[in-house]
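A short worksheet on the structure shown next.
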Amino acid sequence: MVADTWGHIFQTAARIGEPDFVLPFALAAVKQFGTTGIPELIAALKLAGRDADLTAFLKQLEMSDDIADTVFGPALAAAGRSSDFKAFAMSRRYEPYNVVAMEAAGNFLAGKPAEGLALIDALHGDFRKGAGINALAILQGTGHGDVAAPLLKYQDLGTVNGAEACALVAQASKDKALAEKCLAAASPLPQAAARDGAYLYAVAPQLVGALAAVGDWQEALTILRQLEPADRMNATAKFAKFSHAPGILPLARKTLGAPGPEAGKRGRFLVRVLVLAGEADEAARFVAAAPDDATRDDWSRLQAEALAEMGDTATALPLATHIADPASRAYALCATAMALSN
201 MVADTWGHIF QTAARIGEPD FVLPFALAAV KQFGTTGIPE LIAALKLAGR
251 DADLTAFLKQ LEMSDDIADT VFGPALAAAG RSSDFKAFAM SRRYEPYNVV
301 AMEAAGNFLA GKPAEGLALI DALHGDFRKG AGINALAILQ GTGHGDVAAP
351 LLKYQDLGTV NGAEACALVA QASKDKALAE KCLAAASPLP QAAARDGAYL
401 YAVAPQLVGA LAAVGDWQEA LTILRQLEPA DRMNATAKFA KFSHAPGILP
451 LARKTLGAPG PEAGKRGRFL VRVLVLAGEA DEAARFVAAA PDDATRDDWS
501 RLQAEALAEM GDTATALPLA THIADPASRA YALCATAMAL SN
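In this note's numbering, the protein residues as written are 201 to 542.
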């Protein structure tokens, strides 16, 4: 949550053309919390023509040129600065299909997917496939998976990487037909997992998220129940993230509220689902009945975060302030602050 908050600050500064506001804090934030929001900041410096500042910034971050290029290459293309993009491409020694991937991703960012696909389809064989896969990876890596669905035609959905990419795009776009296509590609899950165990920890949680995102909670829960405890928590988190409707409550109460060795961890997600489904009072009662103070703080964090997400910051803020555990309190306050800034 702290990483997301920094990312939100970086994105806002980049969007309003004030990168200098956040540059003094960026290095420390990235080292501690990761690179959320940094792509937008890199693109803002590149588009502003501040190459010297960008070079110094990338050196501080110890970010490779290859990663940075996949940010500001598409940014130049998306901004319609074709001559600058061509100069950028000529200054590098990438394979032509990688240059096409960056330009195609830029077209997708600019709302011109047909032009992006045309660039890729002008290539042949493995070069076409490589450009399509790389363009998809660029969009997903910079938080734009919601526009990337047409690029899935270059993926082999029968592989772990292809199925995972499909499910991630389905989550981002909330496309029901696509979620069902992803599910069909990975089904039956036990057989897929027998071929490659990565289906359980890489694909299954994303499938749960994709199905929950489009409202197919029964199928999402069917997959969730097939997982071992080691893989189930990530899938449960995905399920809770996308479950926003009252129709999920009977299933959620039964699945997430059941007693057992993981009841504390599952209970936190039930709190979130209850709040997002409009049952904030029931969530509060459930939190109040937590078995111990540590669990209550953890559940209160999810309660405050969900309330903030629903726009009820007036309730979320005092709730977050009174959480005893400092880490849980910090997460809850960050979530509330982000909701207030939005």
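A virtual CB, placed ideally from N, CA and C, is assigned to each residue, including glycine.
- request: Measure the C-alpha to C-alpha separation of Ile209 and Ala289 and round it to an integer number of angstroms.
  value: Taking the sequence shown and counting its residues from 1, the one referred to as residue 209 is at position 9. Taking the sequence shown and counting its residues from 1, the one referred to as residue 289 is at position 89. When rounded, the distance between both Cα atoms is 30 Å.
Extent of the continuous alpha helix (DSSP H) run through Glu482: Here residue 482 is taken as the residue at index 282 of the sequence shown, counted from 1. 480–488 is the span of the alpha helix (DSSP H), which, as asked, contains Glu482.
- prompt: Touch check for the stretch 468–480 and the stretch 504–518: three-plus C-beta pairs under 8 Å?
  reply: yes
- prompt: Between Asp284 and Leu276, what straight-line distance do the alpha-carbon atoms span, to the nearest angstrom?
  reply: Translated into the one-based positions of the sequence shown, residue 284 becomes position 84. Translated into the one-based positions of the sequence shown, residue 276 becomes position 76. Cα to Cα, the separation comes out at about 7 Å.
query: Relative to the C-alpha of Lys438, which residue among Pro459, Val403, Ala331 is closest?
result: Position 238 of the sequence shown holds residue 438. That would be Val403, whose Cα lies nearest to the Cα of Lys438.
task: Under the assumption that Asp321 contacts Ala349 (Cβ atoms under 8 Å), give the Cβ distance between them as a whole number of angstroms.
output: As a first step, residue 321 must be located in the sequence shown, where it is residue number 121. As a first step, residue 349 must be located in the sequence shown, where it is residue number 149. Their Cβ separation, rounded to whole angstroms, is 16 Å, which puts Asp321 and Ala349 out of contact at 8 Å.
task: Verify whether the separation of the beta carbon atoms of Arg466 and Asp498 is less than 7 Å.
output: Taking the first residue of the sequence shown as position 1, residue 466 is located at position 266. Taking the first residue of the sequence shown as position 1, residue 498 is located at position 298. Going by C-beta atoms, Arg466 is not nearer than 7 Å to Asp498.
message: Between which residues of its own chain and Leu357 is the CB-CB distance below 6 Å, once the five residues before and five after are set aside?
response: Numbered from its first residue, the sequence shown carries residue 357 at position 157. Contacts found: Ala363, Cys366, Ala385.
task: Assign His344 to one of three DSSP states: helix, strand, or coil.
output: The residue given as residue 344 occupies position 144 in the sequence shown. Looking at His344 - three-state DSSP - the assignment turns out to be coil, as it is neither helix nor strand.
- request: Note the first and the last residue of the continuous alpha helix (DSSP H) segment covering His444.
  value: If you number the sequence shown from 1, residue 444 lands on position 244. Note, His444: premise wrong, no alpha helix (DSSP H); not H, not E.
query: Excluding sequence positions up to five away, which residues of its chain have a Cβ less than 8 Å from the Cβ of Phe442?
result: As a first step, residue 442 is located in the sequence shown; it is residue number 242 there, counting from the start. Excluding positions up to five away in sequence, the list reads Gln371, Gly409, Ala412, Ala413.
- prompt: Helix, strand or coil for Met263 per DSSP?
  reply: As a working mapping, residue 263 is identified with position 63 in the sequence shown. Coil, per DSSP.
query: What did DSSP end up calling His522 once you bin it into helix, strand or coil?
result: Numbered from 1 along the sequence shown, position 322 holds the residue referred to as residue 522. Coil, per DSSP.
query: In the structure shown, what three-state DSSP assignment does Gln406 receive?
result: If you number the sequence shown from 1, residue 406 lands on position 206. Of the three classes helix, strand and coil, the one that applies to Gln406 here is helix, per DSSP.
- prompt: What distance in whole Å lies between the Cβ atoms of Leu323 and Val300, which are believed to be in contact at a cut-off of 8 Å?
  reply: As a position in the sequence shown, residue 300 is number 100, starting the count at 1. As a position in the sequence shown, residue 323 is number 123, starting the count at 1. Going by Cβ atoms, the distance from Val300 to Leu323 rounds to 6 Å, so yes, they are a contact pair.
- request: Mind checking which residues open and close the alpha helix (DSSP H) that includes Val230?
  value: As a working mapping, residue 230 is identified with position 30 in the sequence shown. Run containing Val230: 223–233, per the alpha helix (DSSP H) assignment.
query: Between the C-alpha atoms of Ile523 and Asp512, what's the straight-line distance to the nearest angstrom?
result: Stepping through the sequence shown from its first residue, residue 523 is reached at position 323. Stepping through the sequence shown from its first residue, residue 512 is reached at position 312. Those two C-alpha atoms are separated by around 17 Å.
task: Put Asp512 into one of helix, strand or coil per three-state DSSP.
output: Residue 512 sits at position 312 when you count from the first residue of the sequence shown. In the structure shown, Asp512 sits in coil (DSSP, three-state: anything other than H, G, I, E or B).
task: Determine the contact status of Phe327 and Tyr297, defining contact as a CB-CB distance below 7 Å.
output: Your numbering for residue 327 matches position 127 in the sequence shown. Your numbering for residue 297 matches position 97 in the sequence shown. Yes. Within cutoff.
- request: Reducing DSSP to helix, strand and coil, say where Val414 ends up.
  value: Here residue 414 corresponds to residue number 214 of the sequence shown, with the count starting at 1. DSSP places Val414 in coil when its eight states are reduced to three.
task: Just the C-alpha distance for Leu430 and Arg395, rounded to the nearest angstrom, thanks.
output: By one-based count along the sequence shown, residue 430 stands at place 230. By one-based count along the sequence shown, residue 395 stands at place 195. Checking the sequence, you will find Ala at residue 430 rather than Leu. For Ala430 and Arg395, the distance between alpha carbons rounds to 19 Å.
task: List in chain order: all unbroken alpha helix (DSSP H) runs of 4+ residues lying wholly within the stretch 250–330.
output: 251–261, 265–278, 282–291, 296–309, 313–321
- prompt: To the nearest whole angstrom, what separates the beta carbons of Leu351 and Gly332, a pair I think is in contact under 8 Å?
  reply: Start at 1 with the first residue of the sequence shown, and residue 351 comes out as number 151. Start at 1 with the first residue of the sequence shown, and residue 332 comes out as number 132. That pair is a contact at about 5 Å.
Opening and closing residue of the alpha helix (DSSP H) in which Asp204 lies: Numbered from its first residue, the sequence shown carries residue 204 at position 4. Residues 202–215.
task: Kindly provide the ranges of any alpha helix (DSSP H) runs that are 4 or more residues long and lie completely inside the stretch 449–477, ordered along the chain.
output: 449–456, 463–476
- prompt: Is it true that the CB of Thr495 sits closer than 7 Å to the CB of Gly457?
  reply: Residue mapping note: residue 457 aligns to position 257 of the sequence shown, counting from 1. Residue mapping note: residue 495 aligns to position 295 of the sequence shown, counting from 1. Result no, Cβ atoms of Gly457 and Thr495 do not sit closer than 7 Å.
- prompt: Under 7 Å between the Cβ atoms of Gln406 and Leu368?
  reply: Within the sequence shown, numbered from 1, the residue matching residue 406 stands at position 206. Within the sequence shown, numbered from 1, the residue matching residue 368 stands at position 168. Yes, these two residues count as a Cβ contact at 7 Å.
query: Taking Ala256 as the reference, which of Glu218, Gly280, Leu223 has the closest Cα?
result: Position 56 of the sequence shown, counted from the first residue, corresponds to residue 256. For Ala256, the nearest C-alpha among the options comes from Leu223.
query: Which residue's Cα is closest to the Cα of Ala226: Gln260, Leu247, Asp251?
result: If you number the sequence shown from 1, residue 226 lands on position 26. Nearest of Gln260, Leu247, Asp251 to Ala226, Cα basis: Gln260.
- prompt: Shortest alpha-carbon distance to His344 belongs to which of Ala278, Leu533, Leu254?
  reply: Against the sequence shown, residue 344 aligns to sequence position 144. Out of Ala278, Leu533, Leu254, Ala278 has the C-alpha closest to the C-alpha of His344.
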